[in-house]
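Enquirer:
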Amino acid sequence: MTPPEAPADDARASEAARPPAASPCPGPAYRVMRNRPEFLAAARARRCGAGSMNVQVRRREPGEAEGIRVGFTCSKKVGNAVARNRAKRRLREAARAVIPELGRDGWDYVLIGRPDATATRDFEALKEDLRQALRKLHGGGK
122 MTPPEAPADD ARASEAARPP AASPCPGPAY RVMRNRPEFL AAARARRCGA
172 GSMNVQVRRR EPGEAEGIRV GFTCSKKVGN AVARNRAKRR LREAARAVIP
222 ELGRDGWDYV LIGRPDATAT RDFEALKEDL RQALRKLHGG GK
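Pasting the structure below:
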């Protein structure tokens with residue numbers, strides 16, 4: 122197998138002059154919470170149990186932070202590290218699909234995985250659980 126030939130110098134120059142490609146995927150509509158105090162503040166606020174997860178929401182004080190913040194967590198009751206990471210990946214995907222449509226600016230959301238239910242529930246049902254919980258917590262009813 123022979124190595125590919127290096128491009129000519131003029132090809133490199135035209136490539137460098139070309140603007141960088143834009144990503145077709147938009148960035149996330151929310152910021153991910155990573156600090157313990159943010160999670161503790163949300164734990165003292167409103168909560169709702171859905172079939173496959175628990176959801177905690179907190180309206181932030183004016184000037185505290187901008188945009189929507191979302192946190193994901195699973196306790197060791199969910200299972201070993203592999204099971205917890207799988208459950209959190211599913212929660213992240215559900216949030217990516219639902220939070221831009223029903224989330225509100227200036228609010229924190231924490232999605233907590235439940236043993237067995239988060240990892241095994243049908244994904245469309247998982248998203249519907251999140252939608253229903255957000256409507257209930259924001260006072261939208263069913």
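Numbering (the numbering used here), first residue to last: 122 to 263. The beta carbon of each residue, even a glycine, is placed where N, CA and C say it ideally should be.
Given a threshold of 16 other Cβ atoms within 10 Å of its Cβ, counted over all protein chains shown, does residue 161 qualify as buried or as exposed?
Expert: Exposed, by the Cβ-count rule.
Enquirer: Is the beta carbon of residue 151 closer than 8 Å to that of residue 176?
Expert: Going by C-beta atoms, residue 176 is not nearer than 8 Å to residue 151.
Enquirer: Cα-Cα, which of 159, 231, 237 is closest to residue 169?
Expert: Nearest option by C-alpha distance: 231.
Enquirer: Have a look at residue 254 and residue 171 and give me their C-alpha separation to the nearest angstrom.
Expert: Looking at the two C-alpha atoms, the distance is approximately 6 Å.
Enquirer: Determine the closest residue to residue 198 out of 251, 239, 243, 156, with distance taken between C-alpha atoms.
Expert: When only C-alpha atoms are compared, the closest one is 239.
Enquirer: Anyone know if the C-beta pair for residue 208 and residue 195 falls short of 8 Å?
Expert: Contact flag set, yes.
Enquirer: Straight-line CA distance for residue 221 to residue 257?
Expert: Taking the straight line from one Cα to the other gives about 17 Å.
Enquirer: Compute the Euclidean distance between the alpha carbons of residue 241 and residue 179, then round it to the nearest angstrom.
Expert: Each residue's Cα considered, the two are about 28 Å apart.
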